[in-house]
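Notes follow once the structure below has been shown.
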Amino acid sequence: MRQEFIFYKRAYDDVSQNALWQYMLEYFVKRYEVIAKEKLNTDVLDTQLRYSIQLYCYGCVGMTKEWLLNDNTTSAETVVKMMFASMPNDMRNIFFDKNRNEDAE
């Protein structure tokens, strides 16, 4: 785990044009959008949901960077729990609504 921590800390320190954190941000936004479209059975997401996905991903990537670079006391498990608790309701309803997820299967 310590090696992974060091790897990501160095990756977040990089502010070059092709930084890993930028790639991660783009990847997570795209991934959440693809999953949301599948769960909603649509090709187009409404503006509010797209905004929520982008805001959540920017926040998670930014706070992960903050945690890696400046916080040596909070456990990874606690950070993940806080990220989950911070997810916007419109996203939570799509990704974690038991009835919606059963219908998709």
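In terms of my numbering, the sequence shown is residues 1 to 105.
Heads up, the beta-carbon is just placed ideally off N, CA and C, and yes, glycines get one too.
Can you find the residues in the same chain that come closer than 6 angstroms, C-beta to C-beta, to CYS60, ignoring five residues on each side of it along the sequence?
Here residue 60 corresponds to residue number 60 of the sequence shown, with the count starting at 1. Excluding sequence neighbours, CYS60 sits near MET83.
MET87 by DSSP, collapsed to three states: which one?
In the sequence shown, the residue the question calls residue 87 occupies position 87. MET87 falls in the coil class under three-state DSSP.
How big is the Cα-Cα spacing for GLN54 and VAL29?
In the sequence shown, counting from the first residue as 1, residue 54 sits at position 54. In the sequence shown, counting from the first residue as 1, residue 29 sits at position 29. GLN54 and VAL29: Cα-Cα distance of roughly 6 angstroms.
Can you tell me whether THR74 is buried or exposed, with buried defined as 16 or more other CB within 10 angstroms of its CB?
What you label residue 74 is simply residue 74 of the sequence shown in a count that begins at 1. Label assigned to THR74: exposed.
Assign ASN41 to one of three DSSP states: helix, strand, or coil.
Within the sequence shown, the letter at position 41 stands for residue 41. DSSP places ASN41 in coil when its eight states are reduced to three.
Report buried or exposed for ILE6, applying the criterion of at least 16 other Cβ atoms within 10 angstroms of its Cβ.
Residue numbering aside, residue 6 sits at position 6 when the sequence shown is read from its first letter. Classification for ILE6: exposed.
Who are the Cβ neighbours of LEU25 in its own chain at under 7 angstroms, not counting the five residues just before and after it?
Residue numbering aside, residue 25 sits at position 25 when the sequence shown is read from its first letter. The answer, listed in chain order, is CYS57, TYR58 and VAL61.
Just to confirm my understanding: we take PRO88, look at its own chain, exclude 5 residues before and 5 after, and list those with CB closer than 8 angstroms. What are they?
Counting from one through the sequence shown, the residue named residue 88 turns up at place 88. SER52, LEU55 and TYR56, listed in sequence order.
What did DSSP end up calling SER52 once you bin it into helix, strand or coil?
Here residue 52 corresponds to residue number 52 of the sequence shown, with the count starting at 1. In this structure, SER52 counts as helix in the three-state DSSP scheme.
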